[in-house]
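J.: Sharing a structure, written as structure tokens. Questions coming.
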Amino acid sequence: MFPQSTLLDPLFWMVLGAIQVLVFTGASQWAKEYQLGMNWWKWAIVGFWWLSFILTIAGAFTLLGENEGNAGWYVLGFVGTLLVIGGAAILKVLVLLKPNSQ
Amino acid sequence: MKDDAQIGDEATTNSSRRNFLKLGGIAAATATVGAGAGAGFVLGRDPDANIGWGRTEAGKDMYFNREAFEVDFPPTMEVVGKIERPEWGDYLFNRAFSLVKSIKGGWVPSEDWTQIPDLRVREYYAKYPKRWEEMLLSFSEKVKHDNNIEKHRDRFALAWAYSGAYSKGLHADFPPEPTEHPDVDDFKWVQREPKEFKSPKHASKLIKQMAFKFGMSLVGITKLDSNFVFKNMMRGMPEWGDEIPKHWKNVIVFGVPMNWDPMYAAVGYSTSYDAYYRAKMASGLMAAYLGELGYAARPQFPGNSYEVIMPPLAMLAGLGESTRNGILMTPEVGPNIRLAAVITDLDLEHDKPIDLNMKHFCESCKICADACPSGSISKADKPDDVVRGIRKYAFNQDGCWRFWNQGPTPSGLGCRVCIAVCPYTRKNNWIHALVKQAEPRDPTGVTRNALLAMQHNFFYYPDAESYHPEWSGGNFASYHQPPEWMRSEEYLKVEKTWEYDGNWEGF
Numbered sequence: 022m023f024p025q026s027t028l029l030d031p032l033f034w035m036v037l038g039a040i041q042v043l044v045f046t047g048a049s050q051w052a053k054e055y056q057l058g059m060n061w062w063k064w065a066i067v068g069f070w071w072l073s074f075i076l077t078i079a080g081a082f083t084l085l086g087e088n089e090g091n092a093g094w095y096v097l098g099f100v101g102t103l104l105v106i107g108g109a110a111i112l113k114v115l116v117l118l119k120p121n122s123q
Numbered sequence: 123m124k125d126d127a128q129i130g131d132e133a134t135t136n137s138s139r140r141n142f143l144k145l146g147g148i149a150a151a152t153a154t155v156g157a158g159a160g161a162g163f164v165l166g167r168d169p170d171a172n173i174g175w176g177r178t179e180a181g182k183d184m185y186f187n188r189e190a191f192e193v194d195f196p197p198t199m200e201v202v203g204k205i206e207r208p209e210w211g212d213y214l215f216n217r218a219f220s221l222v223k224s225i226k227g228g229w230v231p232s233e234d235w236t237q238i239p240d241l242r243v244r245e246y247y248a249k250y251p252k253r254w255e256e257m258l259l260s261f262s263e264k265v266k267h268d269n270n271i272e273k274h275r276d277r278f279a280l281a282w283a284y285s286g287a288y289s290k291g292l293h294a295d296f297p298p299e300p301t302e303h304p305d306v307d308d309f310k311w312v313q314r315e316p317k318e319f320k321s322p323k324h325a326s327k328l329i330k331q332m333a334f335k336f337g338m339s340l341v342g343i344t345k346l347d348s349n350f351v352f353k354n355m356m357r358g359m360p361e362w363g364d365e366i367p368k369h370w371k372n373v374i375v376f377g378v379p380m381n382w383d384p385m386y387a388a389v390g391y392s393t394s395y396d397a398y399y400r401a402k403m404a405s406g407l408m409a410a411y412l413g414e415l416g417y418a419a420r421p422q423f424p425g426n427s428y429e430v431i432m433p434p435l436a437m438l439a440g441l442g443e444s445t446r447n448g449i450l451m452t453p454e455v456g457p458n459i460r461l462a463a464v465i466t467d468l469d470l471e472h473d474k475p476i477d478l479n480m481k482h483f484c485e486s487c488k489i490c491a492d493a494c495p496s497g498s499i500s501k502a503d504k505p506d507d508v509v510r511g512i513r514k515y516a517f518n519q520d521g522c523w524r525f526w527n528q529g530p531t532p533s534g535l536g537c538r539v540c541i542a543v544c545p546y547t548r549k550n551n552w553i554h555a556l557v558k559q560a561e562p563r564d565p566t567g568v569t570r571n572a573l574l575a576m577q578h579n580f581f582y583y584p585d586a587e588s589y590h591p592e593w594s595g596g597n598f599a600s601y602h603q604p605p606e607w608m609r610s611e612e613y614l615k616v617e618k619t620w621e622y623d624g625n626w627e628g629f
């Protein structure tokens with residue numbers, strides 16, 4: 022985020038890494054509230070989706086940053102839409118596989 | 123035992139902690155999305171991605187690990203007949219400079235080509251008579267250029283200054299042009315007996331490090347292949363035949379990219395001189411360095427100071443592959459590479475050629491051919507020409523040169539559109555590095571097809587005609603709009619009377 026800054030850039034990435042703990046702790050609480058019965062492979066799918074989502078946003082904005090305006094918005098719209106649909110599908114599968122629904 | 127009040131307190135505390143984590147998680151996820159967008163945008167803007175500046179000394183500009191792709195012979199150098207050495211006249215700059223000299227001597231371009239005073243130029247057009255028409259047109263385009271550029275100076279003033287500054291540096295007398303026989307001239311910086319290296323491997327390792335320290339982004343080493351040495355040409359020697367000096371053993375090939383942002387804004391805002399200047403200086407430094415150690419060195423550098431053809435030697439040195447537009451394509455910077463070299467008698471360990479599947483990439487892509495303002499690049503599905511025994515895509519040098527003469531600055535002639543639009547010409551940021559690493563490793567071609575589908579459908583490309591100057595019916599379009607530091611209206615007291623056509627930042 023601060024590429025030419027000696028101090029701010031490493032600090033930014035450390036903070037961003039640290040708040041991922043909060044993201045997954047929060048997700049864990051939501052999963053408990055909805056009794057999704059998360060296990061390792063369910064978390065792996067959710068984690069992969071989250072990584073893909075963030076990378077798509079970062080990738081689209083990288084293209085925007087390097088003056089590829091059309092490409093940036095198209096990637097965000099096209100891949101982003103696919104990911105949102107994919108995310109909804111994953112959520113649906115998690116709900117269907119709830120331990121108390123069997 | 124806990125009483126009811128204590129249990130109630132703990133339940134409230136736990137509930138409150140859970141709520142905090144739930145809401146905190148949402149806030150953190152939102153922040154991550156924002157940070158991802160922000161970091162992505164800044165990384166796209168980051169000048170550190172203009173490789174060749176910043177990490178050069180560590181050699182990390184050359185980040186692609188070629189070892190896994192090494193082959194014995196370059197796949198894009200398909201030999202289909204007897205390889206013939208190039209003639210002096212095959213090099214366009216030799217012809218063009220000779221014609222300019224002839225004009226100054228009184229020759230009139232509109233006369234038939236058979237009247238050209240220089241026999242070597244006549245020989246070229248006797249071999250390719252149809253190409254004369256394009257060369258003749260280049261003179262009339264140059265006249266139109268000279269009559270019109272002043273009208274557009276407001277718009278291109280900063281580009282004039284940028285290319286003009288590098289032009290001054292490029293024409294400085296370092297390294298000095300040879301004036302004697304290479305058996306003498308190539309040893310001019312040798313002061314004493316050669317210092318012996320532990321092994322050719324040690325010598326190559328050191329020479330590569332030095333190339334990076336002298337400012338080069340990419341470097342490779344190969345044996346001098348005499349097939350790629352010009353005939354009838356030796357700087358400093360007006361009369362020269364086919365002879366190749368015996369001490370010409372190895373070639374250190376290196377290069378740098380042109381500065382990205384102006385290069386993307388080709389034609390009008392870009393110049394090759396920035397990279398030419400860096401490559402030329404590095405070749406001089408490397409030659410002097412070798413001389414200090416006691417070895418012969420002959421620098422080869424842009425514009426018309428080459429005695430060898432660079433792209434095939436660069437391919438043999440493992441720097442990249444041949445492309446549809448005839449330019450060397452490297453995995454790091456695509457065809458945005460300007461080459462120089464030093465020929466030496468130092469024993470060096472050679473690099474091997476590489477196979478990165480670029481052959482198939484060029485077959486499918488064709489973006490450069492579609493964008494070429496002069497239509498000089500073949501659109502055939504497969505290489506459709508044989509040049510001196512090697513199969514390649516047909517390329518009309520003279521047609522390309524005709525368009526060169528239409529650039530809207532005095533010293534920024536040239537085109538570079540085929541370089542700017544190539545999907546392999548992308549900055550060294552994470553997203554492009556990722557796909558450049560993935561594509562050659564996918565034997566199925568799925569990655570290549572997916573990337574090209576995106577490239578064709580998501581990216582904006584101006585029409586080929588719009589790259590032409592306004593006086594020829596175009597609108598000075600460029601693949602990208604010029605960077606902020608190239609826009610006259612941002613810094614100079616000029617009235618903006620034009621609109622930019624090219625890719626934009628999206629906001």
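Residue numbers (my numbering), protein chains in the order written: chain A, 22 to 123; chain B, 123 to 629. All C-beta atoms, glycine included, are put in the ideal place defined by N, C-alpha and C. The structure presented is a predicted model; accordingly, all values stated were derived computationally and were not measured.
#1: Using a C-beta cutoff of 8 Å, does V96 (chain A) count as contacting chain B?
#2: For the segment 191-254 of chain B, list the alpha helix (DSSP H) runs that are entirely contained and at least 4 residues long, ordered along the chain.
#3: Got a sec, what are the start and stop residues for the beta strand (DSSP E) T466 (chain B) sits in?
#4: Against chain A, which members of the segment 139-157 of chain B pass a CB distance test of less than 7 Å?
#5: Going by DSSP, what residue range makes up the beta strand (DSSP E) through I78 (chain A)?
#6: Is K353 (chain B) helix, strand or coil by DSSP?
#7: I need the straight-line Cα distance from F580 (chain B) to G628 (chain B), nearest angstrom please.
#8: Between the segment 531-539 of chain B and the segment 285-303 of chain B, are three or more C-beta pairs nearer than 8 Å?
#9: Pick out whichever of B:R563, B:P367, B:V375 has its Cα sitting closest to the Cα of M332 (chain B).
#10: Roughly how many angstroms lie between the CA atoms of L104 (chain A) and N571 (chain B), to the nearest whole one?
#11: Under the DSSP definition of a beta bridge, which residues are partnered with T452 (chain B)?
#12: Cutting at 6 Å between CB atoms, please list the residues of its own chain near F350 (chain B), excluding the five before and the five after it.
#13: Round the Cβ separation of P322 (chain B) and E471 (chain B) to the nearest angstrom and send it over; I've been treating them as touching at under 8 Å.
#14: Closer than 9 Å, Cβ to any Cβ of chain B: which residues of the segment 41-71 of chain A, in chain order?
#15: Considering only residues of the same chain and omitting the five flanking positions on each side of Y622 (chain B), which have a CB-CB separation below 6 Å?
#16: Please check the pair Q205 (chain B) and G440 (chain B), which I expect to be a contact at CB under 8 Å, by giving their CB distance rounded to whole angstroms.
#17: Name the residue from B:E611, B:P475, B:V543 whose alpha carbon lies nearest to the alpha carbon of R446 (chain B).
#18: Tell whether a beta-carbon distance below 8 Å holds between A419 (chain B) and R460 (chain B).
#19: Quick one: what's G358 (chain B) bridged to in DSSP?
#20: Compare the beta carbon distance of D564 (chain B) and R253 (chain B) with 8 Å and say whether it is the shorter of the two.
#21: Sorted by chain position, which residues of the same chain lie with C-beta nearer than 8 Å to S486 (chain B)'s C-beta, five sequence neighbours on each side aside?
#22: Rounded to whole angstroms, what's the CA-CA distance from R217 (chain B) to V96 (chain A)? Just pull it up for me.
#23: My assumption, with CB atoms under 8 Å, is that P24 (chain A) sits in contact with V164 (chain B). Please give the rounded CB distance.
#24: Throw me the rounded Cβ distance for the N270 (chain B) and P495 (chain B) pair, which I believe falls under 8 Å.
#25: Please list the partners that M106 (chain A) has in chain B, where partner means a Cβ-to-Cβ separation under 8 Å.
#26: Are any of the Cβ atoms in chain A nearer than 8 Å to that of R167 (chain B)?
#27: Determine whether the Cβ of L115 (chain A) lies closer than 8 Å to any Cβ atom of chain B.
T.: The short version:
#1: As a working mapping, residue 96 (chain A) is identified with position 75 in the first sequence. Closer than 8 Å to some Cβ of chain B, the Cβ of V96 (chain A) qualifies, so yes.
#2: Runs of the alpha helix (DSSP H) inside the segment 191-254 of chain B: 214-226, 241-249.
#3: Translated into the one-based positions of the second sequence, residue 466 (chain B) becomes position 344. That run of the beta strand (DSSP E) goes 460-466.
#4: Listed in sequence order: R140, L143, K144, G146, G147, I148, A150, A151, A153, T154, V155, A157.
#5: Stepping through the first sequence from its first residue, residue 78 (chain A) is reached at position 57. Taken as a continuous stretch (DSSP letters only), I78 (chain A) belongs to no beta strand (DSSP E), being part of the alpha helix (DSSP H) at 61-86.
#6: Here residue 353 (chain B) refers to the residue found at position 231 when the second sequence is read from its first residue. K353 (chain B) falls in the strand class under three-state DSSP.
#7: To locate residue 580 (chain B), count along the second sequence from 1; it is residue 458. To locate residue 628 (chain B), count along the second sequence from 1; it is residue 506. Cα to Cα, the separation comes out at about 13 Å.
#8: When C-beta atoms of the segment 531-539 of chain B are compared with those of the segment 285-303 of chain B, three or more pairs fall below 8 Å, so the two segments count as touching.
#9: Within the second sequence, numbered from 1, the residue matching residue 332 (chain B) stands at position 210. Looking at the Cα atoms, B:V375 is the closest of the given residues.
#10: On the first sequence, residue 104 (chain A) is found 83 positions in, with the first residue counted as 1. On the second sequence, residue 571 (chain B) is found 449 positions in, with the first residue counted as 1. Linking L104 (chain A) to N571 (chain B) through their CA atoms gives a straight-line distance of about 20 Å.
#11: Working through the second sequence from its first residue, we reach residue 452 (chain B) at position 330. T452 (chain B) has B:G456 as its beta-bridge partners, per DSSP.
#12: To locate residue 350 (chain B), count along the second sequence from 1; it is residue 228. For F350 (chain B), where only same-chain residues beyond five positions count, the Cβ hits under 6 Å are V430, I431, P434, L435.
#13: As a first step, residue 322 (chain B) is located in the second sequence; it is residue number 200 there, counting from the start. As a first step, residue 471 (chain B) is located in the second sequence; it is residue number 349 there, counting from the start. About 4 Å separates the two Cβ atoms, so the contact holds.
#14: Within the segment 41-71 of chain A, the residues whose Cβ lies closer than 9 Å to some Cβ of chain B are Q41, V42, L43, V44, F45, T46, G47, A48, S49, Q50, W51, K53, E54, W71, listed in chain order.
#15: Position 500 of the second sequence, counting from 1, holds the residue named residue 622 (chain B). Once the five neighbours on either side are set aside, the close Cβ partners of Y622 (chain B) are Q603.
#16: As a working mapping, residue 205 (chain B) is identified with position 83 in the second sequence. As a working mapping, residue 440 (chain B) is identified with position 318 in the second sequence. Before going on, a small fix: residue 205 (chain B) reads as Ile here, not Gln. With a Cβ gap of about 20 Å, I205 (chain B) and G440 (chain B) do not count as contacting.
#17: Against the second sequence, residue 446 (chain B) aligns to sequence position 324. The residue with the shortest Cα to Cα distance from R446 (chain B) is B:V543.
#18: Residue 419 (chain B) sits at position 297 when you count from the first residue of the second sequence. Residue 460 (chain B) sits at position 338 when you count from the first residue of the second sequence. Contact: no.
#19: If you number the second sequence from 1, residue 358 (chain B) lands on position 236. Answer by DSSP bridge pairing: none, since G358 (chain B) is not bridged.
#20: On the second sequence, position 442 is the one that residue 564 (chain B) refers to. On the second sequence, position 131 is the one that residue 253 (chain B) refers to. No, the Cβ-Cβ distance between D564 (chain B) and R253 (chain B) is not below 8 Å.
#21: Start at 1 with the first residue of the second sequence, and residue 486 (chain B) comes out as number 364. Non-local beta-carbon contacts of S486 (chain B) in its own chain, meaning distances under 8 Å to residues more than five positions away in sequence, involve R570, N571, L574 in chain order.
#22: What you label residue 217 (chain B) is simply residue 95 of the second sequence in a count that begins at 1. What you label residue 96 (chain A) is simply residue 75 of the first sequence in a count that begins at 1. The alpha-carbon atoms of R217 (chain B) and V96 (chain A) are separated by roughly 46 Å.
#23: Your numbering for residue 24 (chain A) matches position 3 in the first sequence. Your numbering for residue 164 (chain B) matches position 42 in the second sequence. Right, their Cβ atoms sit about 6 Å apart.
#24: In the second sequence, the residue the question calls residue 270 (chain B) occupies position 148. In the second sequence, the residue the question calls residue 495 (chain B) occupies position 373. With a contact defined as Cβ atoms closer than 8 Å, N270 (chain B) and P495 (chain B) miss out at about 16 Å.
#25: By 1-based counting over the first sequence, the position of residue 106 (chain A) is 85. According to the sequence shown, residue 106 (chain A) is Ile rather than Met. Neighbours of I106 (chain A) on chain B: none; closest Cβ ~17 Å, over 8 Å.
#26: Numbered from 1 along the second sequence, position 45 holds the residue referred to as residue 167 (chain B). Closer than 8 Å: yes.
#27: On the first sequence, residue 115 (chain A) is found 94 positions in, with the first residue counted as 1. With 8 Å as the cut-off, L115 (chain A) does not count as an interface residue toward chain B.
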